[in-house]
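Since the structure comes first, as structure tokens, the remarks are kept for the end.
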Amino acid sequence: MASDNSFMGEQKVGKLLLRFSIPCVLSLLISALYNIIDQIFIGNSEVGMLGIAATSVVFPLTIIAQAFAWCFGDGTAAFMSIAQGEEQQDLSIEARKKSRISKAIGTMTLLTFVMSLVILAIFYPLENQILYGFGASENSIGYANDYFTIILGFFPVFMLMNMMNAVIRADGSPTWSMISMAGGAVINIIFDPVFIYGCGWGVIGAAWATVMGQVVSLVVAIIYFCRSKVFRLSFKSLFIPDFHLMWTCIKLGVSSFITQISIVAISLTCNNMLAKYGALSVYGPDIPIAIIGIETKVFTIVINIVVGIVLGGQPIIGYNYGAGKIDRVRQTYKIVLIATLIVGAAVTILFEAYPQGVVSIFGTGTESDQYDASLYMQYGVYTFRIFLSLIIFTCVIKISSIFFQSLGKPIHAMIASLIRDIVFFIPLVCIIPVVAEKMEAGSGIFWLLFAAPAADLLGIIVTIILTVLIFKGLKKYELHMQQNAELAAKFTSEEASRPALETVSASSADEIFDMSYKPGNEPSESKAKLASKVLASETEEPGMNVSAEEIFDLTDHADTTADSADGAAGEDASKPAENKGE
């Protein structure tokens, strides 16, 4: 198995990133199209703005399901990448790692299916209450109900599709993931106009076109699982869960969960604020919700581009971090960051220069007794120019969170995921309109839009601090690996010049130590004691015994709890080392 993905530690980083990121970006863009295509067709149909408002209310509910799927899928993917990188350092654990990866994938696939049933059981009885809670009005609740009932019934398909495609990317096959998502999107694009316009089904037709596409995507993913590269699922791995591996993968994927759930929290809070303060303004409750729904879809496209870039780099980062090749980790992050800044700058220029063109794609708003089309476009222009004015910072925050996750740093990743959306945006979107309304009646709905750039500015400051701390830690780890290599080379050279001893030699001690040491640990004190003891045994008293047991007594005091994936690998690696000592 190690040889299958060893190229990730050898080929040029730029070439690898291009190879992995393009399919990831396309795959995620196609995923975003599922909802966007529906909104484009609905917005240009006789249902119009109310249809957009209805699907905008349903959108955050699908994100809840996606949050669990991405948590389980991205966590499993991170575990796979780090584990394969560790194998490159110690090939003796290859078979054991292969078994653990298969168990992890089987366990998380089962968990995804079970969680989808739990969500179904919760959402169906409370459907109306949930839709009203997420901002549906008396005008849009009927459309929202029709759309959500069908979408909800296929949540198991939707969640499995997303979880399995994350695993496929980590297995070194991003093109397969892209094919899976593209197949579903093509079906959705074909049947949307047929069902919406041809059959006259409106939002119900859009829902059926969407779920048909999801079924196709899942079928392609299942086909790949039957011919995967580095894992093989069996009845035992798929239906007998390993709870330790389950917890490990959940921890590694928690930042993806938080990122998605933060979208839900934002939508819930924002929709309620929009409905409340929109009703106090000339726009009414439905126009702001429809416009923010369009903004969310466009925002998703931008974020999926940069997230696709960093997800393409995730197996490269995880593999090389596990293998101790820190310079390649730095190179990957640098390229991802530059690409992210370019994307962020380009869309900022577009949104500032031509926002009305973006809004018009989803319909221009038809005059009716309920709302004014000119107000619809006016609020759309305000939203894109103000709400998304610092989207470049949002992009950097999102890719940084996934970068931390790829290194097996769930705490840093969780902070980066929470800081912009939960810690800053939600309080600001609640406070700003209240203050504005006190200053000028009816202005709250306008000033609410400034909550996003303010949160972006505060969030990027915290993200920069976290990134600096991470790179300082990587530097220390790199220096430690260099010292290890120099020490091993020194004693290997000395051993070559004299007869082999029956005791454990310095190079053997170093090898045993390396088996115990895993990325994230800082056993400098234990290493120093070990080195001193071995030096004394080889220089002052050449016949002195240094047993493998003593070496492990020294290394066992190292901090082996940096992350669960690394701890498990250290436990596996200690067994062959003990046998060697005996």
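Oh and the sequence shown: position 490 is 514 in the working numbering, straight run, nothing missing.
Here a beta-carbon is modelled for each residue, glycine too, at the ideal position from N, C-alpha and C.
**OP:** Could you check if Y248 is buried or exposed, using at least 16 other CB atoms within 10 Å of its CB as the buried criterion?
**Re:** buried
Subject >> Exposed unless 16 or more other CB atoms sit within 10 angstroms - verdict on C223 >> reply: exposed
**OP:** Could you tell me if C250 is buried or exposed, where buried requires 16 or more neighbouring beta carbons within 10 angstroms of its beta carbon?
**Re:** exposed
Subject >> Continuous alpha helix (DSSP H) stretch holding G466: start and end >> reply: Taken as a continuous stretch (DSSP letters only), G466 belongs to no alpha helix (DSSP H), as it is neither H nor E.
Original post:
Apart from the five residues just before and just after I54, which ones in its own chain have a Cβ nearer than 8 Å to its Cβ?
Top reply: M202, M205, A206, G208, A209
Original post:
Just reading off the alpha helix (DSSP H) that I264 is part of, what are its end residues?
Top reply: That residue, I264, is in no alpha helix (DSSP H); it is neither H nor E in DSSP.
Subject >> Contact between the region 67–84 and the region 357–364 (3+ Cβ pairs under 8 Å) >> reply: no
**OP:** Could you tell me if E461 is buried or exposed, where buried requires 16 or more neighbouring beta carbons within 10 angstroms of its beta carbon?
**Re:** buried
Original post:
Using the C-alpha atoms, what's the distance from A513 back to L503?
Top reply: 15 Å
Original post:
Between which two residues does the alpha helix (DSSP H) containing E319 stretch?
Top reply: 310–346
Subject >> Other residues of its chain near P84: CB distance less than 7 Å, five sequence neighbours each side excluded >> reply: F158, I287, V288, S291, L292
**OP:** Please state if the CB of G404 and the CB of I318 are separated by a distance shorter than 9 Å.
**Re:** yes
Subject >> Member of T133, T491, V330, Y406 whose CA lies at the smallest distance from the CA of I366 >> reply: V330
Subject >> Given 8 Å, three or more beta-carbon pairs between the region 371–381 and the region 217–236 >> reply: no
**OP:** Return the residue from the list G226, C419, F178, Y307 that minimises the CA-CA distance to K396.
**Re:** Correcting the residue identity first, residue 396 is Asp in this sequence and not Lys. Comparing Cα positions, the closest option is Y307.
Original post:
Helix, strand or coil: which one does DSSP assign to F449?
Top reply: helix
Original post:
Can you tell me whether DSSP reads D216 as helix, strand or coil?
Top reply: helix
Subject >> Neighbourhood of A160 by C-beta distance below 6 Å, restricted to the same chain and skipping five residues each side >> reply: V81, A168
**OP:** Put K39 into one of helix, strand or coil per three-state DSSP.
**Re:** helix
**OP:** Enumerate, from N- to C-terminal direction, the unbroken alpha helix (DSSP H) stretches of 4 or more residues contained entirely within the region 358–394.
**Re:** 379–384
Original post:
Thinking C-beta only, is V191 closer than 9 Å to I274?
Top reply: no
Subject >> Residue closest to Q108, alpha-carbon to alpha-carbon, out of M505, L141, K253 >> reply: K253
Original post:
Using the beta-carbon count (16 or more within 10 Å), is K349 buried or exposed?
Top reply: buried
**OP:** Count the other C-beta atoms from every protein chain shown that fall within 10 angstroms of the C-beta of K127, then say buried if there are 16 or more, exposed otherwise.
**Re:** buried
Original post:
In chain order, what residues of the same chain lie with their CB nearer than 6 Å to the CB of A91, ignoring the 5 residues before and after it?
Top reply: F281, Q284, I285
**OP:** Could you tell me whether the region 487–498 touches the region 453–471, using the rule of 3 or more Cβ pairs below 8 Å?
**Re:** no
Original post:
Residues in its own chain within less than 6 Å of S164 by CB, not counting five upstream and five downstream?
Top reply: L74, A77, A78
Subject >> F386 to F65 span [Cα, whole Å] >> reply: 8 Å
Original post:
Between G196, Y156, V453, L472, which lies nearest to G337 when the distance is taken from Cα to Cα?
Top reply: G196
Subject >> Close Cβ partners of F178 (< 7 Å) along its chain, the five nearest in sequence each way excluded >> reply: V235, Q238
**OP:** Please name the residue, chosen from R352, G346, S384, I327, that lies closest to A369 on a Cα-to-Cα basis.
**Re:** I327
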